[in-house]
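**Student:**
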Amino acid sequence: MYALKKKTSKKDLLRQWGLPEKFQWRGLAYKQPYQKGIYWYWFSLEIRRRDVEKYGTCVSCGKPIGMYCDAGHFMPAGDCGRDLIFDPRNVNAECKGCNAFDKTHLLGYAQNLDKRYGAGTAQKLRDRRQAHKESKTPLKDFTAKEYEELIKKLPSFRESFKCLPD
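Now the structure itself:
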């Protein structure tokens, strides 16, 4: 007789990757593959922690922020390609108002990017996005296995699971 293998629930999948109990499947920013959404969860936590500790202000408006902020993209996540969607210079901590509701937030974002990472950073990101849009052969997205490997390399994930080997 063959034993029936129990199907893993979505909640168990999230728990397996260390996402908080209250985190819901619909809260994943990306669902295909779901590992991309889990990678975004840990990557955005890493970005927010970096910016809160190092700068303590919203990259767009300059107001003080805490860990309850957003990890916002300078070049929009919807059409920037895999090259920019997880680029630490393209993703920075923003207050929720700037990231979701302020249409002019990119003006301050561009100025502060250049202050943080050197003159011309904002333009380089714009150029990379344009190159992606004009490319005849855009980069394929990572596979689920590749996302799993990327997740395991993130310091914020590794800190949560101290038992992982180096």
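Numbering-wise, my numbering puts 372 at position 161 of the sequence shown, and it's gapless, one number per residue. The beta carbon of each residue, even a glycine, is placed where N, CA and C say it ideally should be.
Take G319 and list the residues in its own chain whose beta-carbon comes closer than 6 Å to its own, dropping the five residues that flank it on each side.
**Tutor:** For the purposes of this step, residue 319 is taken as residue 108 along the sequence shown, with counting starting at 1. Here the set comprises S271, C272.
**Student:** Quick one: give me the first and last residue of the alpha helix (DSSP H) that D338 is part of.
**Tutor:** Here residue 338 refers to the residue found at position 127 when the sequence shown is read from its first residue. 332-345 is the span of the alpha helix (DSSP H), which, as asked, contains D338.
**Student:** Give a yes or no on whether the C-beta atoms belonging to N323 and G283 are separated by under 8 Å.
**Tutor:** For the purposes of this step, residue 323 is taken as residue 112 along the sequence shown, with counting starting at 1. For the purposes of this step, residue 283 is taken as residue 72 along the sequence shown, with counting starting at 1. Against a cut-off of 8 Å, the Cβ pair of G283 and N323 comes out as no contact.
**Student:** I'd like the list of long-range same chain contacts for K331, defined as Cβ closer than 8 Å, with 5 residues on each side in sequence excluded.
**Tutor:** Start at 1 with the first residue of the sequence shown, and residue 331 comes out as number 120. According to the sequence displayed, residue 331 carries Gly and not Lys. Counting only Cβ-Cβ distances below 8 Å, and skipping sequence neighbours, we find D325.
**Student:** Would you mind working out which of F368, S367, E357, K364 sits nearest P244, comparing C-alpha positions?
**Tutor:** In the sequence shown, the residue the question calls residue 244 occupies position 33. Nearest C-alpha to P244: E357.
**Student:** Kindly indicate the opening and closing residues of the beta strand (DSSP E) around V302.
**Tutor:** Here residue 302 corresponds to residue number 91 of the sequence shown, with the count starting at 1. Segment 302-305, the beta strand (DSSP E) holding V302.
**Student:** Can you give me the C-alpha to C-alpha distance between Y252 and A240, rounded to a whole angstrom?
**Tutor:** If you number the sequence shown from 1, residue 252 lands on position 41. If you number the sequence shown from 1, residue 240 lands on position 29. Distance between the alpha carbons of Y252 and A240: 8 Å.
**Student:** Tell me the rounded alpha-carbon separation between F353 and D313.
**Tutor:** Position 142 of the sequence shown, counting from 1, holds the residue named residue 353. Position 102 of the sequence shown, counting from 1, holds the residue named residue 313. Whole-angstrom Cα-Cα distance: 31 Å.
**Student:** Touching or not, the stretch 297-307 and the stretch 246-265, by the rule of three or more beta carbon pairs under 8 Å?
**Tutor:** Contact holds: three or more Cβ-Cβ distances are below 8 Å.
**Student:** Within the continuous beta strand (DSSP E) that includes D281, where are the two ends?
**Tutor:** One-based indexing of the sequence shown puts residue 281 at position 70. Its beta strand (DSSP E) spans residues 281-284.
**Student:** Using CA atoms only, rank isn't needed, just tell me which of M278, K307, K335 is closest to D298.
**Tutor:** As a first step, residue 298 must be located in the sequence shown, where it is residue number 87. For the residues M278, K307, K335, the minimum Cα distance to D298 belongs to K335.
**Student:** Could you name the residues of the same chain whose beta carbon sits closer than 8 Å to that of I362, not counting the 5 residues immediately before and after it, in chain order?
**Tutor:** Along the sequence shown, read from residue 1 onward, the residue named residue 362 stands at position 151. Within the same chain, I362 has close Cβ partners W228, Q246, I249, Y250, W253, F368.
**Student:** Mind checking who P275 pairs with in its DSSP beta bridge?
**Tutor:** Mapped onto the sequence shown, residue 275 falls at position 64. Partner(s): T268.
**Student:** In this structure, how does DSSP classify Q246 when only helix, strand and coil are distinguished?
**Tutor:** The sequence position of residue 246 within the sequence shown is 35, counting from 1. Reduced to three states, the DSSP call for Q246 is helix.
**Student:** Using the Cα positions of G329 and P275, report the straight-line distance between them to the nearest angstrom.
**Tutor:** Numbered from its first residue, the sequence shown carries residue 329 at position 118. Numbered from its first residue, the sequence shown carries residue 275 at position 64. Cα to Cα, the separation comes out at about 22 Å.
**Student:** Given a threshold of 16 other Cβ atoms within 10 Å of its Cβ, counted over all protein chains shown, does S346 qualify as buried or as exposed?
**Tutor:** Against the sequence shown, residue 346 aligns to sequence position 135. When all chains shown are included, S346 counts as exposed.
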